[in-house]
Amino acid sequence: MSHTTLDFLPEPSASGSENTTSAWATHRDDAPIEGGFDARYGDVMWQTLICGDRMSSTDLVLGIASIPAFGSLPLHSHDPAEFYFVVSGYAEVSIDGKITSVGPGMAIFIPGGAIHGITAGTEGIEFVYGFPENRFGDVVYNFSQQQGGEQ
Numbered sequence: 003m004s005h006t007t008l009d010f011l012p013e014p015s016a017s018g019s020e021n022t023t024s025a026w027a028t029h030r031d032d033a034p035i036e037g038g039f040d041a042r043y044g045d046v047m048w049q050t051l052i053c054g055d056r057m058s059s060t061d062l063v064l065g066i067a068s069i070p071a072f073g074s075l076p077l078h079s080h081d082p083a084e085f086y087f088v089v090s091g092y093a094e095v096s097i098d099g100k101i102t103s104v105g106p107g108m109a110i111f112i113p114g115g116a117i118h119g120i121t122a123g124t125e126g127i128e129f130v131y132g133f134p135e136n137r138f139g140d141v142v143y144n145f146s147q148q149q150g151g152e153q
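The opening position of the sequence shown corresponds to residue 3 in the working numbering, with each subsequent residue numbered one higher.
Quick look at the structure:
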């Protein structure tokens, strides 16, 4: 699939580049699809678009995730805060035992350390996620023992 690029913004450079303050643009078609193969993460698949692990960036991790109909990302926690922004579909999000329904256009703030998870509805869900971290690899997921996961 072809896509247009912004003429004034270069493609991201590989991590380890000396200049981490230059602007750049990327496209989700260029990001690998991850997940969907580790039972701890449930049915979620994601593409990380901004991350110091892979390109010249700091202070922000941003990606897009999808969960198929009735699939889930099990209860877990991590130290940094996180946000979700729902692009399409519906789901129930649990944050510290409180469950709320979410849909397109909704933003969800998840405090650092909160136990949270998401279960997709009949259409599945696609959402943008982000962390105030340099690298996605710096986010340590602790899965709830209530779900049979590891801590």
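All residues carry an ideal CB built from backbone N, CA and C; glycine is no exception.
Treat the numbers as computed from the prediction; the structure is a model and nothing was measured.
{"Asked": "CB contact flag (GLU84, ILE120, <9 Å)", "Found": "no"}
{"Asked": "Residue burial classification, THR50 (beta-carbon count within 10 angstroms, cutoff 16)", "Found": "buried"}
{"Asked": "Per DSSP, cross-strand counterpart(s) of LEU75", "Found": "ILE120"}
{"Asked": "Beta-carbon proximity check, GLN128 vs VAL89, cutoff 9 Å", "Found": "Before going further, note that residue 128 is Glu rather than Gln in the sequence given. Yes, the pair counts as a contact, with Cβ atoms nearer than the cut-off."}
{"Asked": "Buried or exposed by the 16-neighbour rule on C-beta atoms within 10 Å, applied to PRO106", "Found": "exposed"}
{"Asked": "Nearest candidate by alpha-carbon position, reference ILE117, set SER103, TYR143, SER79 and ALA109", "Found": "SER79"}
{"Asked": "Unbroken stretches of the beta strand (DSSP E), 3 residues or longer, contained in the segment 18 to 104", "Found": "47 to 52, 63 to 69, 74 to 79, 84 to 97 and 100 to 104"}
{"Asked": "Top-ranked residue by Cα proximity to TRP26, from ARG42, GLY37, GLY44 and MET57", "Found": "MET57"}
{"Asked": "Backbone CA spacing between GLY114 and PRO134 [nearest angstrom]", "Found": "10 Å"}
{"Asked": "Nearest-angstrom beta carbon gap, LEU75 and VAL104 [assumed within contact, 8 Å]", "Found": "Not a contact, Cβ separation roughly 13 Å."}
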